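Its first residue numbered 8, the sequence shown is counted upward by one per residue in the numbering used here. Ideal Cβ positions, reconstructed from N, Cα and C, are used throughout, including at glycine. Note that the coordinates shown come from a computational prediction; the quantities given were computed from them, not determined experimentally. Reviewing the structure listed below.
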Amino acid sequence: MRRHLVYITIGIGMMLALSGCEKDIDVFEPAELTSGDISRFFEAVQSQPLQYSWDASEERVLPVPGSGQVIVPSHALAAQDGSPVEGMVQASILEIHDKGALIRNNAATAANNRLLESAGIVFLDIRQDGKPLRIADGSAIRVQLSTANYNPQLRLFAGIPSDGNRLEWAEVNSGEAPIRALEFLNENTGQWEEGFEIVSGRLGWLQCARYADNGSGKATACVRLPVGFSRQNTAAFIAMQAINAVIRLDEAGEGGMYRICGSNLPSGLKGEFIVITESDEGNYYFSREPVIIMENLTINIVPEKAQLSDIMLALEKL
Numbered sequence: 008m009r010r011h012l013v014y015i016t017i018g019i020g021m022m023l024a025l026s027g028c029e030k031d032i033d034v035f036e037p038a039e040l041t042s043g044d045i046s047r048f049f050e051a052v053q054s055q056p057l058q059y060s061w062d063a064s065e066e067r068v069l070p071v072p073g074s075g076q077v078i079v080p081s082h083a084l085a086a087q088d089g090s091p092v093e094g095m096v097q098a099s100i101l102e103i104h105d106k107g108a109l110i111r112n113n114a115a116t117a118a119n120n121r122l123l124e125s126a127g128i129v130f131l132d133i134r135q136d137g138k139p140l141r142i143a144d145g146s147a148i149r150v151q152l153s154t155a156n157y158n159p160q161l162r163l164f165a166g167i168p169s170d171g172n173r174l175e176w177a178e179v180n181s182g183e184a185p186i187r188a189l190e191f192l193n194e195n196t197g198q199w200e201e202g203f204e205i206v207s208g209r210l211g212w213l214q215c216a217r218y219a220d221n222g223s224g225k226a227t228a229c230v231r232l233p234v235g236f237s238r239q240n241t242a243a244f245i246a247m248q249a250i251n252a253v254i255r256l257d258e259a260g261e262g263g264m265y266r267i268c269g270s271n272l273p274s275g276l277k278g279e280f281i282v283i284t285e286s287d288e289g290n291y292y293f294s295r296e297p298v299i300i301m302e303n304l305t306i307n308i309v310p311e312k313a314q315l316s317d318i319m320l321a322l323e324k325l
């Protein structure tokens with residue numbers, strides 16, 4: 008009888024132990040997505056440009072929030088056909104200076120298949136009665152920023168929107184150095200600030216940056232996602248760890264539409280995979296995973312459902 012009691016006690020103990028283990032296991036099963044449009048995410052979180060209006064015959068200093076200003080000289084604007092502009096004009100100005108803002112505005116930092124370390128990005132659009140203007144021949148605007156210290160390796164890049172409203176950067180070749188160190192009086196704050204000045208004969212997207220890969224080896228990195236996650240509803244980035252740089256993965260991986268890849272990446276650098284999915288209007292999935300870029304890197308990621316406010320907070324901390 009005693010032996011039977013011992014067996015019963017052991018059996019009950021094993022059942023309790025097994026039931027306890029099953030209770031502690033947290034199994035996440037992602038939804039199989041059948042819809043979603045990642046462009047809706049970018050529309051919801053992109054930075055809103057500031058708006059200004061003034062007479063084109065006057066010089067105007069346009070404040071850039073917290074980081075500097077853009078100076079538009081008098082009579083510096085022209086219509087697309089080159090004819091001079093008179094009267095009131097309207098400007099939209101936007102500045103991006105950190106990795107979270109780069110991702111929110113779908114603006115990666117790479118040019119000529121090389122990684123860029125960004126010192127500051129400004130978007131300036133000037134119109135008259137809704138028609139886009141340009142800088143008149145022989146004139147230039149001055150962009151003065153205090154987002155980073157001057158570095159002699161800094162170069163000027165122009166952004167050209169491509170498919171999906173993504174930006175492609177091209178170096179602006181100029182006979183004169185377009186970037187110089189500068190201590191300037193910030194008209195918005197009334198304080199003298201150290202930074203640099205960009206001299207540009209064009210409007211649109213302008214970036215001050217330096218090449219950051221230093222001739223390191225190239226690698227391909229991929230994110231493998233669950234069924235239903237695709238380039239239609241998902242954006243994948245690598246936010247670099249030690250420098251202000253973001254890479255967007257936008258190539259379809261071999262073997263199906265559930266792999267999103269990027270090639271010609273600088274090998275050996277540390278960063279984080281950032282994956283954002285819009286599964287349905289107002290519903291989001293999010294993941295961030297540490298990574299060291301290396302040849303033929305593929306990481307399995309299962310994004311988890313998240314609130315938009317939580318995604319915004321995570322991007323601010325990059």
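Residue i to residue j span [Cα, whole Å]
i    : j    : result
A321 : S90  : 47 Å
L174 : E93  : 31 Å
P56  : R209 : 18 Å
D136 : C229 : 46 Å
W176 : S81  : 29 Å
E65  : A83  : 9 Å
A252 : G166 : 15 Å
S99  : N303 : 42 Å
I318 : K312 : 10 Å
L69  : T241 : 36 Å
G263 : R295 : Because G263 carries a pLDDT of 47, less than 50, the predicted location of this residue cannot be relied on, and no value is offered for it.
C215 : R111 : 19 Å
R141 : W61  : 16 Å
V34  : V309 : A caution first: V34 carries a pLDDT of 38, below 50, which makes its placement in the model too unreliable to give a value.
Q146 : K106 : The identity of residue 146 in the sequence shown is Ser, whereas the question assumes Gln. Each residue's Cα considered, the two are about 32 Å apart.
G275 : S54  : 32 Å
R255 : V79  : 33 Å
E204 : D144 : 20 Å
G224 : A85  : 45 Å
I133 : I250 : 32 Å
S286 : S42  : 6 Å
S316 : T116 : 25 Å
H104 : N307 : 30 Å
L325 : I283 : 14 Å
E323 : V52  : 12 Å
D44  : A118 : 27 Å
Classification of residue i by the beta-carbon crowding that lies within 10 angstroms, buried from 16 upward
i    : result
E124 : buried
L192 : exposed
E102 : buried
M247 : buried
S207 : buried
P273 : buried
S74  : buried
V234 : exposed
T305 : exposed
R266 : buried
R238 : buried
R67  : buried
T196 : exposed
I299 : exposed
P185 : buried
A226 : buried
A108 : buried
Near the ligand FAD: residue i beta-carbon under 7 Å from a heavy atom
i    : result
E285 : The ligand FAD is not part of the structure shown, which contains no ligands of any sort.
Whole-number beta carbon distance between residue j and residue i, since they are thought to touch under 8 Å
i    : j    : result
A63  : L122 : Incorrect: roughly 39 Å between the Cβ atoms, too far for contact.
S270 : E258 : 6 Å
T154 : A126 : 6 Å
V150 : V129 : 5 Å
F326 : I281 : No information on residue 326 is available, as it lies outside the stretch 8 to 325 that the chain covers here.
Q58  : E194 : So it is not a contact: roughly 17 Å between Cβ atoms.
F49  : Y291 : Not quite, the Cβ-Cβ distance comes to about 12 Å (not below 8 Å), so this is no contact.
E201 : E190 : 5 Å
G211 : L161 : 19 Å between Cβ atoms; not a contact.
L213 : L163 : 7 Å
Q87  : P159 : No, Q87 and P159 are not in contact; Cβ-Cβ is about 35 Å, not under 8 Å.
Backbone secondary structure at residue i - three-state DSSP
i    : result
L275 : Note on residue identity: the sequence assigns Gly, not Leu, to residue 275. Three-state DSSP puts G275 in coil, outside helix and strand.
M95  : strand
S316 : helix
A326 : Shown here, the chain extends from 8 to 325; a query on residue 326 therefore has no answer.
E302 : coil
E285 : strand
M8   : A caution first: M8 carries a pLDDT of 44, below 50, which makes its placement in the model unreliable, though a value can still be read off. Residue state, collapsed to three classes: coil.
D31  : For D31, the predicted structure reports a pLDDT of 32, less than 50, and the residue's modelled location is therefore unreliable. A value from the coordinates is still provided. Here D31 sits in helix by DSSP.
A165 : strand
A252 : coil
E311 : strand
L322 : helix
E66  : coil
N290 : strand
P72  : coil
Beta carbon proximity, residue i to chain C, threshold 8 Å
i    : result
T196 : In summary, chain C is missing from the structure at hand, where a single protein chain is found.
Every unbroken beta strand (DSSP E) inside the region 168-242 [3 residues or more]: 174-178, 186-193, 198-207, 211-218 and 225-231
4 or more residues per run - each alpha helix (DSSP H) lying fully within the region 39-64: 45-52
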